[in-house]
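For the record, the sequence lines run as chains A and B. Here the first sequence is numbered in our numbering, starting from 453 and rising by one per residue. Here the second sequence is numbered in our numbering, starting from 30 and rising by one per residue. Virtual Cβ for every residue (Gly too), placed ideally from N, Cα, C. Structure record follows, encoded as structure tokens.
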Amino acid sequence: MTAAQYVYAIGRGFDQNGLAGLAGIDGAEVRLIAQRNVAAVVSVAPSDEAALRARLERLDDLAAIAGAHDAVVAALAARSVIAPLRLATIYQNEQRVRDMLRHRHEEFEELLDRLAGTVEVGVKLFVETRSPSRAAPSSSGRAYLHQLSRRHQRRDDDWRHAAAAAQKVDTALSAHALDRSQHRPQPAQLSGAAGHNVLNAAYLIPTGRVTEFSELAHRLAAQQPNMHVEVTGPWAPYSFAEPDIGGRS
Amino acid sequence: MTNPNPWLTSPRQASNSNLADVLERVLDKGLVIAGDIKICLLDIELLTIKLRLLVASVDKAKAMGIDWWEYDPSLSSRPQRQLLEENRQLREQISAAERTKEVSS
Chain A
453 MTAAQYVYAI
463 GRGFDQNGLA
473 GLAGIDGAEV
483 RLIAQRNVAA
493 VVSVAPSDEA
503 ALRARLERLD
513 DLAAIAGAHD
523 AVVAALAARS
533 VIAPLRLATI
543 YQNEQRVRDM
553 LRHRHEEFEE
563 LLDRLAGTVE
573 VGVKLFVETR
583 SPSRAAPSSS
593 GRAYLHQLSR
603 RHQRRDDDWR
613 HAAAAAQKVD
623 TALSAHALDR
633 SQHRPQPAQL
643 SGAAGHNVLN
653 AAYLIPTGRV
663 TEFSELAHRL
673 AAQQPNMHVE
683 VTGPWAPYSF
693 AEPDIGGRS
Chain B
30 MTNPNPWLTS
40 PRQASNSNLA
50 DVLERVLDKG
60 LVIAGDIKIC
70 LLDIELLTIK
80 LRLLVASVDK
90 AKAMGIDWWE
100 YDPSLSSRPQ
110 RQLLEENRQL
120 REQISAAERT
130 KEVSS
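So, in structure tokens, the structure goes:
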């Protein structure tokens with residue numbers, strides 16, 4: 453087979469039945485390319501490379517491709533040990549995938565050992581910011597400036613408190629996690645979530661502890677003033693699928 | 030408290046993960062294998078992709094006045110050019126202001 457291969461994940465312990473009927477990007481059939489006990493999860497890549505690049509530039513198409521990628525990854529993660537690949541990783545042909553698996557066999561084994569029996573849980577902490585109190589019309593310029601500086605002072609205080617509170621929750625959650633990874637806070641205008649996202653992190657936890665961990669996150673957030681939490685997952689361990697073992701802080 | 034298969038009862042089934050959560054994972058995280066890959070995101074200069082947390086279209090975001098990515102060096106190749114342009118404009122304004130001052134004094 454000479455067709456280009458889109459690679460979703462590297463993994464082991466696959467159950468062939470679990471792959472049956474699984475559709476990837478553009479509905480392509482998902483299959484395995486195995487090399488010893490480690491396999492790449494692939495489907496035939498969209499044939500027009502330029503068109504694919506163009507699609508990745510359009511948000512609606514990008515969302516569909518990302519959704520398909522994640523759907524395959526999530527379906528497999530539920531039944532086997534996998535390391536998800538970043539979106540749009542495409543190899544020239546099947547042989548190149550085999551070569552890659554052979555060259556990196558040990559690395560993949562170590563990575564999969566580390567990820568076995570784990571899932572990723574996302575935790576976002578939001579603080580509700582005080583809406584600036586509609587100030588009574590100031591009697592003088594001086595009073596106005598005073599008011600303005602007080603408002604800025606209050607906002608700075610709010611941020612300091614929020615950051616300290618978020619760190620407290622993060623530290624407590626990290627103590628219950630195998631590993632932790634920081635994500636970029638999501639701008640409120642874009643995510644549509646209420647409040648300011650002060651922490652966006654992912655935690656690697658044992659598979660059986662999802663509910664427990666989620667409850668802990670809710671409990672910890674509830675102890676902080678004006679804070680609410682959003683827990684997502686379980687995800688396949690996207691944020692921990694780095695081959696540099698131990699290189700993560 | 031332990032559930033052997035968390036995917037079966039996951040909070041995710043309740044779809045509280047939005048597009049931004051998926052995008053930040055598939056675009057920013059996930060294993061990157063260097064080597065002879067044909068396409069990977071690393072070699073695509075994608076403004077759209079780099080708006081990784083975007084849930085609206087780019088046009089809509091711009092209409093909302095959200096253009097932070099254009100000023101974030103990690104998200105855009107443009108800032109260098111923009112900074113130079115801004116620099117040039119500021120210099121022009123300064124020299125114009127100085128000329129005005131000279132005329133009035």
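What distance in whole Å lies between the Cβ atoms of residue j and residue i, which are believed to be in contact at a cut-off of 8 Å?
| i | j | result |
| --- | --- | --- |
| A/A534 | A/G463 | Here residue 534 of chain A turns out to be Ile, not Ala, going by the sequence shown. Sure, about 3 Å apart at Cβ, within 8 Å. |
| A/L630 | A/L656 | 5 Å |
| A/R488 | A/L471 | Contact doesn't hold; Cβ gap of about 18 Å is too wide. |
| A/V549 | A/Q457 | 5 Å |
| A/H635 | A/N652 | 4 Å |
| A/L553 | A/V490 | 6 Å |
| B/R54 | A/S633 | Their Cβ separation, rounded to whole angstroms, is 10 Å, which puts B/R54 and A/S633 out of contact at 8 Å. |
| A/L474 | A/V525 | That pair is no contact at about 11 Å. |
Can you give me the C-alpha to C-alpha distance between residue i and residue j, rounded to a whole angstrom?
| i | j | result |
| --- | --- | --- |
| A/A497 | A/D609 | 52 Å |
| A/H521 | A/G476 | 7 Å |
| A/E561 | A/S666 | 29 Å |
| A/D622 | A/P637 | 14 Å |
| A/V452 | A/Q544 | One cannot answer for residue 452 of chain A here, as it falls past the ends of chain A, which runs 453 to 701. |
| A/V492 | A/N649 | This sequence places Ala at residue 492 of chain A; Val is not what is there. For A/A492 and A/N649, the distance between alpha carbons rounds to 36 Å. |
| A/I517 | A/H555 | 28 Å |
| A/A646 | B/D50 | 16 Å |
| A/E580 | A/A615 | 13 Å |
| A/T575 | A/A618 | What sits at residue 575 of chain A in the sequence shown is Val, not Thr. So the two alpha carbons sit approximately 11 Å from each other. |
| A/A530 | A/A693 | 16 Å |
| A/Y460 | A/S495 | 8 Å |
| A/L504 | A/L539 | 12 Å |
| B/D57 | A/A654 | 13 Å |
| A/H604 | A/E664 | 39 Å |
| A/H613 | A/S592 | 32 Å |
| B/K130 | A/E501 | 59 Å |
| A/D565 | A/S626 | 21 Å |
| A/L511 | A/E481 | 24 Å |
| B/A126 | A/L600 | 30 Å |
Does the beta-carbon of residue i have 16 or more other beta-carbons within 10 angstroms, so that it is buried, or is it exposed?
| i | result |
| --- | --- |
| A/T570 | buried |
| A/Q547 | exposed |
| A/A486 | exposed |
| A/Y596 | exposed |
| B/V132 | exposed |
| B/R117 | exposed |
| B/Q122 | exposed |
| B/Y100 | Caution is warranted here: a pLDDT of 46 is assigned to B/Y100, below 50, making its placement in the model unreliable, and the coordinate value is therefore given only provisionally. Flag for B/Y100 reads exposed. |
| B/L52 | buried |
Could you tell me whether the Cβ atoms of residue i and residue j are closer together than 8 Å?
| i | j | result |
| --- | --- | --- |
| A/P536 | B/L60 | yes |
| B/I62 | A/T684 | no |
| A/H670 | A/V662 | no |
| A/S532 | A/F578 | no |
| B/L48 | A/A515 | yes |
Find the residues of chain D that neighbour residue i, judging by a C-beta separation of less than 8 Å, and give them in chain order.
| i | result |
| --- | --- |
| A/G465 | No chain D is part of this structure, whose protein chains are labelled A and B. |
From this set, the options, which residue's C-alpha is nearest residue i's C-alpha?
| i | options | result |
| --- | --- | --- |
| A/A527 | A/R661, A/P686, A/E694 | A/P686 |
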